[in-house]
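Engineer: Under the numbering used here, the first residue of the sequence shown is numbered 1, with each subsequent residue one higher.
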Amino acid sequence: MRESFRESEVPMDNIIKTTGSPRLPSSTETTAVPAKPAGTASVNVSASGEGIAVGALYGDINLNATPEALAVALRMLGVQQPSTSHAVEWASLDTDRYNVFVIENEKYDCGAFCIGRRVALKNTLPRHKDYFRPLTGPLIQELLNMPCLFTVRNFNYKSIPNYYPAFLGKLNSVQCQGENIKFSFSSFAQLRQQFINDNIRLFGLLSRTVRNQLDEEHWSIRSGNLLQIAANLGIEIK
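#1: Mind pulling the alpha helix (DSSP H) runs of 4 or more residues that sit fully within the segment 80–157?
#2: With hydrogens ignored, establish whether the beta-carbon of Thr151 is closer than 7 Å to any heavy atom of the ligand FMN.
#3: Taking the beta carbon of Asn232 as the centre, do at least 16 other beta carbons fall within 10 Å, making it buried, or is it exposed?
#4: Measuring only the C-alpha atoms, how far is Val10 from Leu77?
#5: Please confirm whether Asn180 and Ile115 have their CB atoms less than 8 Å apart.
#6: With 8 Å as the threshold, decide whether the Cβ of Phe101 is near any Cβ in chain C.
#7: With H, G and I counted as helix, E and B as strand and the rest as coil, what does DSSP make of Ser8?
#8: Please report how far the alpha carbon of Gln190 lies from the alpha carbon of Phe167, in whole angstroms.
#9: Does Tyr98 pass the burial test, meaning 16 or more other C-beta atoms within 10 Å, or should it be called exposed?
#10: Suppose you measure from the CA of Glu216 to the CA of Leu205; what does that come to, to the nearest Å?
#11: Between the Cα of Leu135 and the Cα atoms of Lys182, Asp96 and Phe150, which residue gives the shortest distance?
#12: In whole angstroms, give me the CA-to-CA distance for Leu226 and Gly178.
#13: Any chance the segment 142–153 sits against the segment 98–107, with 3 or more Cβ pairs inside 8 Å?
#14: For Lys170, is the classification buried or exposed, using 16 other Cβ atoms within 10 angstroms of its Cβ as the cut-off for buried?
#15: Skipping 5 residues on each side, what residues in its chain have a beta carbon closer than 8 Å to that of Ser223?
#16: Please identify the residue among Asp198, Leu143, Tyr163 and Ile196 whose C-alpha is closest to the C-alpha of Val174.
#17: Which same chain residues, not among the five before or five after Met1, have their C-beta less than 7 Å away from its C-beta?
#18: For Ser186 versus Asn197, is the C-beta distance shorter than 8 Å?
#19: What does the Cβ neighbour count give for Leu214, buried or exposed, with the cut at 16 atoms within 10 Å?
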């Protein structure tokens with residue numbers, strides 16, 4: 001709390017006289033800093049992959065964050081964001097082919113992942129494999145227009161804990177990086193991966209007596225209408 005002083009309580013040495021030669025404050029004296037006017041406080045947000053720091057300051061609002069961190073920061077500030085609908089974009093994707101990704105030692109939580117070339121286009125029909133192998137610009141554009149199923153490698157044959165998610169969505173970019181291929185993507189819907197295992201044939205995926213398609217890391221292109229498969233299984237894209 002700021003203290004108030006009567007004029008008689010102010011030390012005389014701290015009063016600069018206006019008559020005669022002006023006296024400058026000595027090096028041991030302090031000069032009062034004017035208080036910032038009320039109502040000018042704003043918020044500074046600093047965000048990184050490790051967290052978000054918020055503090056009050058005077059000046060403009062400065063935001064330096066990834067889109068994901070920015071969304072969290074805006075929620076913290078009480079800013080209402082319009083909900084995004086993926087239904088129209090999902091409905092516009094290819095209905096004849098779709099991508100299936102099964103990753104290992106990677107995560108989907110940063111919007112991108114890598115697949116080794118050695119497992120690229122595995123479990124894929126020869127006509128699709130030969131056609132897409134060059135990964136030229138026009139071919140990549142075709143991949144970006146296909147619906148995708150994003151999963152991780154099963155822990156056991158046709159089995160993974162119920163809390164492991166899988167995602168439906170689409171690719172945003174494909175980049176060849178030496179022995180790896182980097183994919184960035186958008187997720188449109190989340191479901192349990194075990195649900196896919198339980199309905200492996202309805203998803204049009206390979207299933208054998210000792211191994212199914214989600215039991216090994218790879219990227220494949222499948223023939224079929226993933227949009228219709230999802231609709232038939234009651235998966236809603238909002």
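Glycine included, C-beta positions come from ideal geometry on N, C-alpha and C. The structure displayed is predicted, hence computed values, not measured ones.
Structural biologist: So, from the data block:
#1: Along the segment 80–157, the alpha helix (DSSP H) occurs as fully enclosed runs of 4 or more residues at 87–91, 126–132 and 137–144, listed in sequence order.
#2: With respect to the ligand FMN, the structure shown offers nothing to examine, as it has no ligands at all.
#3: Walking along the sequence shown from the start, residue 232 turns up at place 232. Asn232 sits exposed, since fewer than 16 C-beta atoms from the chains shown fall within 10 Å of its C-beta.
#4: Position 10 of the sequence shown holds residue 10. Position 77 of the sequence shown holds residue 77. Low local confidence applies: a pLDDT of 44 at Val10 is under 50, so the model's placement there is unreliable, with the coordinate-based value given in what follows. If you take the alpha carbons of Val10 and Leu77, they lie about 43 Å apart.
#5: Numbered from its first residue, the sequence shown carries residue 180 at position 180. Numbered from its first residue, the sequence shown carries residue 115 at position 115. The Cβ atoms of Asn180 and Ile115 sit closer than 8 Å to each other.
#6: Chain labels in this structure do not include chain C; a single protein chain is all it has.
#7: For the purposes of this step, residue 8 is identified with residue 8 of the sequence shown, where counting begins at 1. In this prediction, Ser8 scores a pLDDT of 44, lower than 50, which makes its location untrustworthy; the coordinate-derived value is nonetheless stated afterwards. Here Ser8 sits in helix by DSSP.
#8: The residue labelled residue 190 in the question sits at position 190 within the sequence shown. The residue labelled residue 167 in the question sits at position 167 within the sequence shown. One C-alpha to the other measures close to 5 Å.
#9: Reading the sequence shown from its first residue, position 98 is the one you call residue 98. Buried is the label assigned to Tyr98, since at least 16 other Cβ atoms lie within 10 Å of its Cβ.
#10: Taking the first residue of the sequence shown as 1, we reach residue 216 at position 216. Taking the first residue of the sequence shown as 1, we reach residue 205 at position 205. One C-alpha to the other measures close to 13 Å.
#11: Walking along the sequence shown from the start, residue 135 turns up at place 135. With distances taken between Cα atoms, Leu135 lies closest to Lys182.
#12: The residue you call residue 226 lines up with position 226 of the sequence shown. The residue you call residue 178 lines up with position 178 of the sequence shown. Spanning the two alpha carbons is a distance of roughly 30 Å.
#13: Yes, the segment 142–153 is in contact with the segment 98–107.
#14: Residue numbering aside, residue 170 sits at position 170 when the sequence shown is read from its first letter. Taking all protein chains shown into account, Lys170 has 16 or more neighbouring C-beta atoms within 10 Å of its C-beta and is therefore buried.
#15: Taking the sequence shown and counting its residues from 1, one reaches residue 223 at position 223. The beta carbon of Ser223 sits closer than 8 Å to the beta carbons of Asp96, Arg97, Leu125, His128 and Gly204 from its chain, once the five residues preceding and following it are set aside; these are given in chain order.
#16: Counting from 1 along the sequence shown, the entry for residue 174 is found at position 174. Selected option, being the one with the closest Cα: Leu143.
#17: Numbered from 1 along the sequence shown, position 1 holds the residue referred to as residue 1. Annotation note: pLDDT 47 at Met1 (below 50); position unreliable, no value reported.
#18: As a working mapping, residue 186 is identified with position 186 in the sequence shown. As a working mapping, residue 197 is identified with position 197 in the sequence shown. In this structure, Asn197 does not lie closer than 8 Å to Ser186 by Cβ.
#19: By 1-based counting over the sequence shown, the position of residue 214 is 214. By the neighbour-count rule (16 or more Cβ atoms within 10 Å), Leu214 is buried.
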